[in-house]
Every structure is written in C-alpha cells, then in structure tokens.
Amino acid sequence: MTKPYVLGIDIGGTNTVFGIVDARGQVVASGSIKTLQHLDFDDYVKELHSAVQRLLLANDAEGKIQGIGIGAPNANYYTGEIINPPNLPWGDRIPIAEKVSKAFHGIPVAITNDANAAALGEMTYGAARGMKDFIMITLGTGVGSGIVVNGQLVYGHDGFAGELGHVVMKRNNGRVCGCGRTGCLEAYCSATGVARTAREFLDARSDSSLLRNLDPEDITSKDVYEAAVQGDQLALDIFKFTGEMMGEAFADMVAFSSPQAIILFGGLTKSGELLLKPVRESLEAHLFPIYRGKTKIILSELKESDAAVLGASALGWEAKYRAELPAPLPSQPAEETPLQ
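Under this note's numbering, the first residue of the sequence shown is numbered 46, with each subsequent residue one higher.
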C-alpha cells in the first residue's frame, strides 16, 4: 500500500517554507523559496509548484500527496483566500486554495493563519495531544493565537476569530500597534514589544544597566535576555513587566474559554523562567477565583525548525478527510401540509 503524505506550506513575508509530512508527524523533507521573488501571484504559484515537484521527486513522494495545508497571514479558512495581507503584494483577495489545488492537479487544499496552524500542529503532534480546550499563543515579531474549544478551532462567522494579540491592554496612552490601533497586547508582549519596553525603561530610569552599552534603537529581546541572565536588574524588570501584562491578558482569555492549557511558542519563550514565572504569578493573581489552579502555562513541544510546516500539514490531513466526505444529498422541498 502506498504510504500517504501531506504537504505543509507556510507563507511568510520573506520566505515560503514547505515540507513533506507523514502520518506520524515526521517531516520527511523540506525546502523553501523566496516569497516575494515574483510580484505576480500566478508566477509565485508556478515557482512554488516547481520547487515542490523537485522535492517530491528527490524523496520518492510523487503522486503520494493526499492533501495540502497552507498557513499564511490573513488566511481565511472558510473562503480559501488571503484577505488584505499586510506584507504580500498580490492584491486584496488572493484565491490561494483554488490556485494551489489547480497547480497540483486537484489535490485538496485548506488554509488558515499561521497561529491557527500552530494550534493544529500542537493538537496533532505536540503538547496539546489529547486536549480539547486550549489556547496557542505565538510570541515572535507579533503575538498570534489559535483558540481550540471542544476539539475545534474557533474561526468565528467570518473566519478571522481569535486575534488575541490585538486585545487592548492599555486604554489610555497605549503604544501604537502595527495594526494601527493603540494599546494592543502585541505592542507590549511580542519580541519587538520587549525591545520597546527596554527603550522606555532606559529613558525613564537612571540606574546602570548592560543595555546602556548598546544603541537603544538596535536593542532586541535577545539583548534583554542576555543582560537578564547576567543579573542585570533593569533587564529583569523588563521581563517582569512583560510577564505581568501577559498573565493579566491570559486571565481574561481563561474567563471566556476556560482552557486546560495556554501553550506558548516562539523565540521569546527561549527566555524560560525569566518570562514564565511572572506570567504564572500574574495569571493566578488576576483569575476569577473559580478558575484558579486549573489552567497550565506550558511550552510547545514542536521543534521550531519544523513547527510551521507541521502546523500547516495538520491542516493538510483535514483537507484530505474533508474531500473524502460524501457530498450532501440535495435538499428536498418540504411537503405541503393542508390547512386544518
């Protein structure tokens, strides 16, 4: 019997990463292309198809792909389109599922945003296996989220539910967020948010710090981490500030979905207990009493190098199974009941 595979594709603003994944969640092989190598979307799809075909041939997987999952910014699961993507030049409505399926001779395609894909990957292959209620938080350049309730991703009526990075944490005098609003969680608790906090602390405080040896505009969250592990008090306070705000936001998230766990993924999680300790303490302090002690804060079990592809591939299996469902029977008109 032919061993089935799916293809996971993660479209980023710089690179598109793709991989062949088997049913056990093993990434058999992976590759990448430059996302913006072609300004025309049809040319991009041709380049993607050519690169994937080379990978399939090299790994004896041609004709064995059963489904394709795609994680992309502003991807709409319901319509198969990317809507108003912030960093992609291909238009306001990109029919990516239709175009990719056609390029790959009708293989079923499903899409979602990158944080939702990460949640699916975690539920299928990682720390959320066996969980039916959890929230995935991705901590990178921004703050993304995927919400799973009763074993199902929450998409909302329009396909865009679950943007927890854009809940407003500071209603007055908040930082301007990349989304154009002010005070969003993302503006404070992303990797770029940590760097912004460092610059604010350096301006507001006069105490010595290793961070004062750096150009403030060049400071990164990694610099803050390296200073913190050396016991730098200002850097430690930055992580405390970040963790406390994150825990406060998580307490609100628990109030509406009561998850078993909040799973953290992304570069910022490498700071470990410097971040996790204040997050846990703040979460418990801000929780409604009936929720205390029930929601775990845990780290993703997915390898960072494979996570994007694995998340998208989980959606590929879903596309496969969805395509195999029998078509619904045509609806029959209801029999007319004579008036009594």
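From the three backbone atoms N, C-alpha and C, an ideal C-beta is built for every residue, glycine too.
Item	Value
Boundaries of the alpha helix (DSSP H) in which Thr183 is found, first to last residue	Not the alpha helix (DSSP H): Thr183 falls in the beta strand (DSSP E), residues 179 to 184.
Span of the beta strand (DSSP E) around Ala155	154 to 157
Residue from Gly175, Lys339, Ile156 with nearest C-alpha to Glu126	Ile156
Glu346 (DSSP reduced to helix, strand or coil)	coil
Rounded separation between Leu313 and Ala306 - CA only	18 angstroms
Alpha carbon of Leu165 to alpha carbon of Glu208, nearest angstrom	16 angstroms
CB contact below 9 angstroms: Gly108 versus chain C	Although the question refers to chain C, the structure presented lacks it and comprises just one protein chain.
Buried or exposed by the 16-neighbour rule on C-beta atoms within 10 Å, applied to Ser253	exposed
Pick from Leu133, Ala296, Val72, Pro140 that is closest to Ile56, judged by C-alpha positions	Leu133
Three CB pairs or more closer than 8 angstroms across the region 146 to 160 and the region 115 to 124	yes
Under 9 angstroms between C-beta atoms of Glu329 and Gly288	no
Gln197 (DSSP reduced to helix, strand or coil)	strand
Where Asn121 sits in the DSSP three-state scheme	strand
Three-state class that DSSP yields for Asp67 in the structure shown	strand
Neighbourhood of Thr183 by C-beta distance below 6 angstroms, restricted to the same chain and skipping five residues each side	Ala160, Ala163, Gly189, Phe310, Gly311
Cβ-based burial, Thr340 [other Cβ within 10 Å; buried from 16]	buried
Identity of the residue in Tyr89, Tyr122, Ile78 nearest Glu363 by Cα	Tyr122
8 angstroms contact criterion, which Met214 and Gly204 should meet: CB distance rounded	With 8 angstroms as the limit, Met214 and Gly204 do not qualify as a contact, their Cβ atoms being about 25 angstroms apart.
Pairwise C-alpha distance: Gln111 and Thr47	11 angstroms
Contacting residues, own chain, Cβ-Cβ under 6 angstroms from Arg325 (five flanking each side not counted)	Ile342
Bounding residues of the beta strand (DSSP E) (the contiguous stretch that carries Val51)	50 to 56
Reduced DSSP category for Glu381 - H, G, I as helix; E, B as strand; rest coil	Residue placement at Glu381 cannot be trusted, given a pLDDT of 47 that sits under 50; what the coordinates show is reported in the next sentence. Three-state DSSP puts Glu381 in coil, outside helix and strand.
Residues bridged to Gly276 (per DSSP)	Answer is none; Gly276 lacks a bridge partner.
DSSP state of Thr59 mapped onto helix, strand, coil	coil
Asp105 versus Arg367 - alpha carbon distance	26 angstroms
Whole-angstrom distance between His150 and Glu143, CA atom to CA atom	11 angstroms
Rounded separation between Ala240 and Ser266 - CA only	5 angstroms
Length at least 4, wholly inside the region 285 to 340: the alpha helix (DSSP H) runs in chain order	318 to 331
Local conformation of Thr242 per DSSP, three classes	helix
Straight-line Cα distance separating Met168 from Asp351	15 angstroms
Nearest residue (CA-CA) to Thr124, options Gln71, Val269, Pro140	Pro140
Burial state of Phe301 (16 or more Cβ within 10 Å)	exposed
Proximal residues to Ala232 (C-beta, below 6 angstroms), its chain only, five neighbours per side dropped	Arg220, Cys222, Gly238
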